[in-house]
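One structure is given here, and the rest of the page talks about it.
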C-alpha cells in the first residue's frame, strides 16, 4: 500500500447507478475523491428489493423503505447513500441508525410514466383508476403521484408494486403484467424505440443520507470532488452519457444504443446544495398528506450542522 493511500479517509458508500449518481461515479473513476483525501468503498445494496410486479400490493406502507436504497447503511455496512428526496424523508423516519439527510445530490433524475404500444391511454387523464406500477419508496413512485395529481382527483390515483430496476419494469409493461409504469434512462429511450408512449415526465431532486460518523468536513471534501465531476459532465455530456449504456450493456436493447440515441437534455447536473427550508417544509407536508410519513418531525429530517458546514464554502 502506498503511504498516501493509508492516509485516505475511508467512506463506505452504497452502490449507485448513472441515472441517480453519475457525478459520484465520475468522481470515483477519475480520481477526484482521492484528490480530496477520500477512499470510496462501494457496498452492495438492494438484495431484498422487489423483483416482480404485484398488482395486489397497493399500499406503500406494506413495503420496507429499505428494500433497496439505505439497505446496507441500515445494516451498518455503509455510512452514506443517495436516493430521491422523498424516499429519504421516509428512510429518516424509519431508520434505526440515526441517519439524517445532509444535503442535495448533484444529479436531477429524469423520470417518466410510460405505457406500452398496445395501451389505450394517451394522456394521464386516461389513467384514472388504472394501477400504475411503481417501485415504492423510490423516486419515480413519488414522481408518478405528483404527475397524476395534476390530472386526476386523489381517489382516482392508483398504484401497485413494480420491481426495482428499469429493465424489469419495461418488460412488465411489454408483457402485460403492468398497464403503466415509471422509467428512468436509459430505459425511457429503450421504451420509446419499442413504441411505448410517455404520458408525463419530469426531473426530481435527490439527497445524500449519512450516519452520524460522517461529519460536515468529510462531506465538504466529498462535495468538492462532486463539484469537479459536475463541471466535467456539463463540459462534455456525450462523453458521460456513455455511462448509461455501459451500466446496462448486458441487455441487448441497451447495448445497441449509442450516445446519439440519448437526449443530453435529460442529463441535468448541478453543484450539490443544502435543502432549502421552504422546499423541505412543502415536501414534508405533502408526504404527510399522503400518509407517507409516520413519526418523524420536520426538524429531524436533516443534520443541519453537517449540512451547513459542508456547504459553507464553494
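Numbering (the working numbering), first residue to last: 624 to 937. Idealized CB from N, CA, C, for every residue including glycine. Values in this document were obtained by computation on a predicted structure and should not be read as measured data.
Who are the Cβ neighbours of residue 770 in its own chain at under 7 Å, not counting the five residues just before and after it? The residue given as residue 770 occupies position 147 in the chain shown. Cβ within range, chain order: 736, 747, 823 and 825.
At what residues does the alpha helix (DSSP H) containing residue 641 begin and finish? On the chain shown, residue 641 is found 18 positions in, with the first residue counted as 1. Looking at the DSSP string, the run of the alpha helix (DSSP H) that includes residue 641 is 641-652.
Is residue 827 helix, strand or coil when you go by DSSP? Residue numbering aside, residue 827 sits at position 204 when the chain shown is read from its first letter. Looking at residue 827 - three-state DSSP - the assignment turns out to be strand.
With C-beta atoms as the reference, is residue 757 less than 8 Å away from residue 813? In the chain shown, the residue the question calls residue 757 occupies position 134. In the chain shown, the residue the question calls residue 813 occupies position 190. Taking 8 Å as the Cβ cut-off, residue 757 and residue 813 do not qualify as a contacting pair.
Using 8 Å for Cβ pairs, my map puts residue 852 next to residue 660. What's the rounded Cβ distance? What you label residue 852 is simply residue 229 of the chain shown in a count that begins at 1. What you label residue 660 is simply residue 37 of the chain shown in a count that begins at 1. Contact doesn't hold; Cβ gap of about 16 Å is too wide.
Distance between residue 880 and residue 796 (C-alpha atoms, nearest Å): For the purposes of this step, residue 796 is taken as residue 173 along the chain shown, with counting starting at 1. For the purposes of this step, residue 880 is taken as residue 257 along the chain shown, with counting starting at 1. The alpha-carbon of residue 796 is positioned some 21 Å away from that of residue 880.
How is residue 706 classed by DSSP in three states: helix, strand or coil? As a working mapping, residue 706 is identified with position 83 in the chain shown. Correct three-state label for residue 706: strand.
Tell me residue 733's beta-bridge partners as DSSP assigns them. Working through the chain shown from its first residue, we reach residue 733 at position 110. Answer is 826.
How would you label residue 839, buried or exposed, when you count the other beta carbons within 10 angstroms and need 16 or more for buried? Stepping through the chain shown from its first residue, residue 839 is reached at position 216. Looking at its Cβ environment, which holds 16 or more other Cβ atoms inside 10 Å, residue 839 is buried.
Just the C-alpha distance for residue 805 and residue 731, rounded to the nearest angstrom, thanks. For the purposes of this step, residue 805 is taken as residue 182 along the chain shown, with counting starting at 1. For the purposes of this step, residue 731 is taken as residue 108 along the chain shown, with counting starting at 1. So the alpha carbons of these two residues sit roughly 16 Å apart.
I'd like to confirm the pairing. Which residues does DSSP put opposite residue 666 in its beta bridges? Along the chain shown, one-based indexing puts residue 666 at 43. DSSP, once it has assigned bridges, lists 637 as partnering residue 666.
Using the Cα positions of residue 927 and residue 887, report the straight-line distance between them to the nearest angstrom. Position 304 of the chain shown, counted from the start, is the residue given in the question as residue 927. Position 264 of the chain shown, counted from the start, is the residue given in the question as residue 887. Cα-Cα distance, rounded: 34 Å.
Drop a sphere of 10 angstroms on the beta-carbon of residue 846, count the other beta-carbons inside from all chains shown, and report buried for 16 or more, exposed for fewer. For the purposes of this step, residue 846 is identified with residue 223 of the chain shown, where counting begins at 1. A buried status is given to residue 846, since no fewer than 16 other beta-carbon atoms sit within 10 Å of its beta-carbon.
Could you check if residue 630 is buried or exposed, using at least 16 other CB atoms within 10 Å of its CB as the buried criterion? Counted from its first residue, the chain shown places residue 630 at position 7. When all chains shown are included, residue 630 counts as exposed.
How big is the Cα-Cα spacing for residue 698 and residue 802? By 1-based counting over the chain shown, the position of residue 698 is 75. By 1-based counting over the chain shown, the position of residue 802 is 179. So the alpha carbons of these two residues sit roughly 35 Å apart.
Candidates 925, 815 and 914: which alpha carbon is nearest residue 947's? The structure shown does not extend to residue 947, since the chain is modelled only from 624 to 937, so the question has no answer here.
Identity of the residue in 913, 759 and 856 nearest residue 686 by Cα: On the chain shown, position 63 is the one that residue 686 refers to. Measuring from the Cα of residue 686, the nearest candidate turns out to be 759.
Since residue 940 and residue 641 are thought to touch, with beta carbons under 8 Å apart, how far apart are those beta carbons, to the nearest angstrom? Because the chain is modelled from 624 through 937, residue 940 falls outside the range shown and cannot be assessed.
Look up residue 932 in the DSSP assignment and say whether it is helix, strand or coil. On the chain shown, residue 932 is found 309 positions in, with the first residue counted as 1. Three-state result, residue 932: helix.
Please list, in chain order, all residues of the same chain as residue 716 whose beta carbon is under 7 Å from its beta carbon, the five residues on each side excluded. Taking the first residue of the chain shown as position 1, residue 716 is located at position 93. Cβ neighbours of residue 716 beyond the five flanking positions: 916, 917, 918 and 919.
Close-in-space but distant-in-sequence residues of the same chain around residue 665 (CB under 7 Å, 5 per side omitted): Looking up residue 665 in the chain shown gives position 42. Closer than 7 Å at the Cβ level, and outside the excluded window around residue 665, lie 636 and 638.
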